[in-house]
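Following this note's numbering, the numbering of the sequence shown begins with 17 at its first residue and continues without gaps.
Quick notes on the structure that follows.
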Amino acid sequence: MDAQDKGSDAGHGPAEPGVPGPRAPLPGPASPADEADETDRTEGTDGTDEPAVPAGAQDQPGGVEQPPGVQEPCDAPRTGIAALSPPYRIGAALALAAVAVAVCVHLGMAFLHVAPPNTVSRKHSETIADWIYPEFEQNWKLFAPNPLQQNVSVQVRAEIRWPDGSSRTTGWYDLSAQDGRDIDGNPAPSHTQQNELRRAWDFYVSTHDDDNRPVGLRGALSESYLRRIMALRLDRADAAGPHGEVARVQVRSRTTQVPPPEWSGEKASDEAEYRELPWWPLPKGETRGGVG
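Structural data, given as structure tokens:
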């Protein structure tokens with residue numbers, strides 16, 4: 017009995033050293049159902065353990081469930097034209113289109129006004145002038161103007177009155193030639209020498225017709241301006257002498273054509289053209305070069 021007990025205990029007791037224990041049973045072949053479950057787990061998780069997304073969390077921004085009592089932000093209110101109703105949108109679009117058309121027309125008119133003469137500007141010259149003048153007048157041109165092909169010199173003569181009542185008429189003083197001599201060889205000529213006489217004559221011509229009648233409100237001003245310049249120039253030249261005084265002045269222009277180059281084949285007249293203005297009596301204060 018004891019031997020049997022020991023024998024049974026020996027079968028279940030600890031293994032002695034050096035004696036191998038009983039082998040574990042080898043795993044058998046997996047069943048098809050087990051392989052299918054393993055495949056599903058592998059494809060669903062890609063081999064990693066990820067927490068399951070709670071139901072309804074995908075509907076929340078960023079996949080995070082909003083706490084209770086917090087409202088989702090609503091869309092920002094529309095601004096600008098988008099905030100208008102469809103009829104007002106149409107009206108705004110039509111207004112913008114009208115402004116764009118007006119700007120394009122104005123730019124086209126201004127371009128034709130400053131551009132050199134061409135077929136379009138000649139054909140619609142009246143329309144362009146009505147659009148441009150007087151509010152949008154331009155005093156410049158798109159390209160450089162043609163160079164001057166005339167030489168214009170301004171000349172003056174005076175009637176000198178003496179204390180005994182006698183008088184005499186001087187010869188013509190070529191003031192333009194005098195300015196030219198002063199400018200030649202001068203490295204820094206004054207603006208007066210270069211521009212005063214020319215601009216005074218251009219001012220007079222632009223405000224008077226061919227019969228020397230003023231055509232605008234500035235006609236009298238241009239005449240007075242030119243007359244005072246003549247009085248000052250005659251006083252510098254001492255035309256009246258020590259005892260006489262200038263009673264009247266007369267101005268004229270001498271115009272000659274600039275000879276064309278020989279290779280051009282053009283022909284120009286070499287005769288001078290004169291334009292004489294009427295005699296102008298000088299006020300008392302201008303007879304000695306002063307201002308009346």
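All residues carry an ideal CB built from backbone N, CA and C; glycine is no exception.
Residue environment, residue i, which counts as buried when at least 16 other CB atoms sit within 10 Å
i	result
Q171	buried
V117	exposed
D286	exposed
R184	exposed
E302	buried
G252	In the sequence as presented, Gly is not what sits at residue 252; that position holds Arg. R252 should be labelled exposed.
K300	exposed
V267	buried
Q165	exposed
Y104	exposed
D180	exposed
D195	buried
P93	exposed
Expected contact under 8 Å - CB spacing of residue i and residue j to nearest Å
i	j	result
Q209	D198	5 Å
V265	W296	5 Å
M125	W147	5 Å
Residue j beta carbon less than 7 Å from that of residue i
i	j	result
H122	I144	no
R270	S169	yes
R249	L191	yes
N202	L293	no
A131	L158	yes
H224	G232	no
A284	P276	yes
I97	A108	yes
S240	Y220	no
T272	N167	yes
Range of the contiguous alpha helix (DSSP H) that encloses residue i
i	result
A126	P102 to V130
E239	G235 to R252
E142	S141 to I148
R197	L191 to I199
R215	L213 to S222
C-beta neighbour in chain D for residue i, strict 7 Å
i	result
A288	Absence of chain D from the displayed structure is noted, only one protein chain being present.
Run of the beta strand (DSSP E) containing residue i, from where it starts to where it stops
i	result
V168	Q166 to R177
P267	Checking the sequence shown, residue 267 turns out to be Val, not Pro. Looking at the DSSP string, the run of the beta strand (DSSP E) that includes V267 is E261 to Q273.
R94	It is not in any beta strand (DSSP E) - R94 carries neither H nor E in the DSSP assignment.
S183	S183 to T185
R291	E289 to E292
Would you call the segment 241 to 252 in contact with the segment 198 to 216, where contact means no fewer than 3 C-beta pairs closer than 8 Å? yes
If we count Cβ pairs, one from each stretch, closer than 8 Å, do we get three or more for the segment 175 to 191 versus the segment 247 to 260? yes
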